[in-house]
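Read the structure below first, then the notes.
Residue numbers (the UniProt record's numbering), protein chains in the order written: chain A, 1 to 548; chain P, 1 to 548.
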């Protein structure tokens, strides 16, 4: 049994037809949902690429692994999915994006060479690399955002694209009226077709690499997990023909926003609303061109998913492959006067999570929707269990979702989900005049309530998801809700006290050693021979050793 | 400038004449106190050897480093005092005990050989080893408690002691009336002289090794920290002549305990009171023989400290050596119906902390007592600053004490001190029917209040240190104190949300990179050319790259 762990970057939970989008038809996502379970309340551990992904890959909260934002290196000592799966006899391969930054200092301290097998794995958060391409080949006066070689740029060049950076000039730009590059980074160009043949664009390219990988592995005995990690529908918002004009302003849903949100908003919310990104997505002309491009990118993802599913079916591998479809975070797209991700409203922090388990045990749940509170860290535990390993619950902080797939309701399932956000690298840190360490937000969501705590002495936010599913009425300043806030703070406190770092000893290790020191001669509270067994004393008996 | 970081194991804060003991005269501890500052409210991060020491050596709370009990390995990725001091150009040497257990699995995962320089350091929590001897050569039916070679046993053998385990049969046992070994593990023998020449016993042995070390280093340029870490006055409670009969029952202070403590006690407190150790120390006959031996061990420590101070003075090194005297935890000795350490009453969790800084900047505070709330993790930051390094406050969780030594009151000094205790390896975990992960206690102490939270759904404890300095009236169940409890829970929550794992990025690293991604081509919220500088777009300009 293998695992295809497919991640889309910045895919909103509700931009799929199976999740109710009225205009965007995604038959292939829907097909997996019909084969498996769609989790309707899946939250990421942080609504930003890097931190979220490090949580998926370590199975741990962001404040546990410490890589709390893009480019903050993951500590060399953090165990990853790759470590746990290899222990369970499963390979762990990367095809695409991780946003991982290696802990170079930590590696130097421990004498780990980057080009050794071990060094390569810890540099790639535990994966063996089939393809690593983060899809962020932005380039400015200080050089490239990403310092690595770009397999995708090399691919485009091999196909005859002649620009220095065809990722930008072809795949992520259009052409203007004068024949000049119309960069996809300028959102006014979002409606143009990208200057690339569709089959050479990023999503088909990665799909083809995935099929290459599976072909290469066919017939080999060792099971594998492949993390197929697409950069799309992430910005730049531009898509090749024919996807660029499949949708228009008539398919753009009204922004979920309310003037009341601008009335004495939470200071962090306010800073984001008034930032450049928020301001841009408050414009209808921007939404009307960006959202259709975003939908086109998703439609292309869906078609490519179809290609992959057909390949698996045609090659008789669908019965032996778990398929997971998810995202690292969503996209505000103008909802709540915001763009991008970062905060904890549903369009940002909730993600699609569809799991197909091919085994007969999962037959009873096929095509169902599960509304349990799920966290992205649950996937690591799910994969370890699926691989036949024992979930190391002193390291992994999530829980296996397999029982849900098998129609069981696990005991003591969580009553609240957590997400965290470190905005210390954002300009808003300065706007708010906060030290980097105080730029931390915590979300606690129960079935009914969503709560945000902000460090730095700022007030909380509170939404009643039942009465106000659109999350436009912040109740935190209304004294009526003081008892709810108090409960939410209590939940946050309980979670904050969790044991996250005792990772060298499991509960079972401890149970096995408890009380054993007495049998190694450590006799405490022993007054005389009546307090202890003959056996315990045997090495302490005999004539007194003389002195020289 | 060098540092002698001297630790005694299980030395109570109040068993020194400078701290007010009426019968135990410790002129050499007092001499250092007169040369420096005695911190009167210094708390360890956990009242148990291993966890406490790992906090001293990492400068981090036990729930941050994860080595929460004796023998729980310190993660290979945790940085230590040795790492930070070497960065500041200071060597870091170990002479004595650490209770460190290497993270063998973690080392294997990262390919670190135990016999490499790097492997040796991470196995010894960052120290270079002059002598490592934990002084726990207990031996039972399952073998030795400590699997290493014992330098001290080898020393005794070299001096002609012929027993297989002279640590036990000589240094830690007496001789009974029949000429048989009278093991110091049986407390009824505590009054006997240990069967060893005083100059061969553990404390003089380690003092001599320390002087050897300093002699070896004299004239070398690189400054050093030496962690001189005595096993005494830790059990077995037995001491060689003449120290074995310097004190008698007439010098034993009454136990600080009250019948009221047994009335509906906190379940964890109750379990410890009813354990073998608690029961033994409730007996006056046990206290009357054990406490004089404990005092004799301390008296010997004091005499050996005098030898070391005289050596430093005679060799003109007293002006160039910072001296720190402290302990990893205290000893209940029957107070509160308990023996040993483990819980958070002052005799267990508060430690001696005397710091002599030879530099002129510290002249104004010599001989003073400081009652600021100090945590053991403050020492690591103190040493880094003393060594001339910059305190990496995204890794070290304590604060430098140097300002206090220089008569300054640092801004925003902590208003509460924290300690933690993981009793999962204790039999009480089973008595209470708790899972290992729920066997966790947290102490929060302010100037006035001491609070304990217990995981596993147990109630808290609360003492008013002003009204009840003996800590015999637990106020936690009295509704009058609900507001105080609530404040203490709020303090615990605030501390629990601390940022402890973002250790690969400092605040300064973040400030330096903030806003830089735009200069590497990541343009967000940009609608058209008016939103962004010409320079930012320069790499994105030019005629559109053709397609093949």
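The beta-carbon is built from N, C-alpha and C at its ideal position, and this holds for glycine as well. The structure presented is a predicted model; accordingly, all values stated were derived computationally and were not measured.
- Close CB contacts of residue 347/A within its chain, under the 6 Å cut and outside five residues either way in sequence, are with 12, 330, 332, 335 (chain order).
- A residue is called buried when at least 16 other Cβ atoms come within 10 angstroms of its Cβ; residue 545/A meets this threshold and is buried.
- 339, 340: these are the residues of the region 339-365 of chain P whose beta carbon lies less than 8 Å from some beta carbon of chain A, given in chain order.
- Along the region 294-320 of chain A, there is no position whose C-beta sits under 8 Å from a C-beta of chain P.
- With contacts defined as CB atoms closer than 8 Å, residue 185/A and residue 526/P qualify as a contacting pair.
- DSSP places residue 156/P in the uninterrupted alpha helix (DSSP H) bounded by 151-158.
- Bounds of the alpha helix (DSSP H) holding residue 301/A are 284-314.
- A check of alpha carbon separations from residue 474/A across 233/A, 453/A, 150/A identifies 453/A as the nearest.
- For the pair of segments examined, the region 187-195 of chain P was found not to touch the region 122-138 of chain P: the number of CB pairs separated by less than 8 Å stays below three.
- Nearest CB-CB separation between residue 58/A and chain P: not below the 8 Å threshold.
- Residue range 353-356 is occupied by the beta strand (DSSP E) that includes residue 356/A, with no alpha helix (DSSP H) assigned at that position.
- Here residue 195/A carries a coil assignment [DSSP, helix/strand/coil].
- Counting only residues of its own chain and dropping the five nearest sequence neighbours on each side, residue 240/A has a CB closer than 6 Å to the CB of 193, 194, 196, 198, 201.
- Judged by beta-carbon spacing, residue 427/P lies within the 8 Å limit of residue 515/A, meaning their Cβ atoms are closer than that value.
- Of all alpha-carbon atoms in 204/A, 245/A, 213/A, 154/A, the one lying nearest the alpha-carbon of residue 190/A is that of 245/A.
- Bounds of the alpha helix (DSSP H) holding residue 65/P are 62-65.
- Look at residue 31/P here: in three-state DSSP terms it is helix.
- Per DSSP, residue 246/P is not a residue of any alpha helix (DSSP H), being assigned neither H nor E.
- Using a 10 angstroms sphere on the CB of residue 371/P, the tally of other CB atoms stays under 16, which defines it as exposed.
- The beta carbon of residue 224/A sits closer than 8 Å to the beta carbons of 2, 3, 90, 91, 92, 93, 217 from its chain, once the five residues preceding and following it are set aside; these are given in chain order.
- Contact between the region 293-313 of chain P and the region 266-281 of chain P is absent, with fewer than three C-beta pairs closer than 8 Å.
- Residues of the region 130-141 of chain P that bring their beta carbon within less than 9 Å of a beta carbon in chain A comprise 136, 137, 138, 139, 140, 141, in sequence order.
- Short of 6 Å from the beta carbon of residue 210/A, and not among the five residues preceding or following it, lie these beta carbons of its own chain, in chain order: 95, 228.
- For the region 503-525 of chain A, the set of positions with a beta-carbon nearer than 9 Å to some beta-carbon of chain P reads 503, 504, 505, 506, 507, 508, 509, 510, 511, 513, 514, 515, 516, 517, 518, 519, 520, 521, 522, 523, 524, 525 in chain order.
- Under the three-state reduction of DSSP output, residue 535/P falls in the helix class.
- Taking 8 Å as the cut-off, the Cβ atoms of residue 538/A and residue 166/P do not count as close.
- At a cut-off of 8 Å, the C-beta of residue 246/A has no neighbouring C-beta in chain P.
- Comparing alpha-carbon positions, the option among 243/P, 73/P, 68/P, 81/P lying closest to residue 377/P turns out to be 81/P.
- The beta carbon of residue 66/A sits closer than 7 Å to those of 75, all from its chain and outside the five residues before and after it, given in chain order.
- Between residue 436/P and residue 419/P, the C-beta gap is not smaller than 8 Å, which leaves the two residues out of contact.
- Taking C-alpha positions only, residue 403/P is separated from residue 409/P by approximately 7 Å.
- In the displayed model, residue 452/P falls within a strand according to three-state DSSP.
- Our two residues, residue 328/A and residue 340/A, have alpha carbons roughly 12 Å apart in a direct line.
- For residue 249/P, not one C-beta of chain A is nearer than 8 Å to its own C-beta.
- Counting the other CB atoms within 10 Å of its CB gives residue 413/P a total below 16, which places it among the exposed residues.
- Per DSSP, reduced to three states, the secondary structure at residue 518/P is helical.
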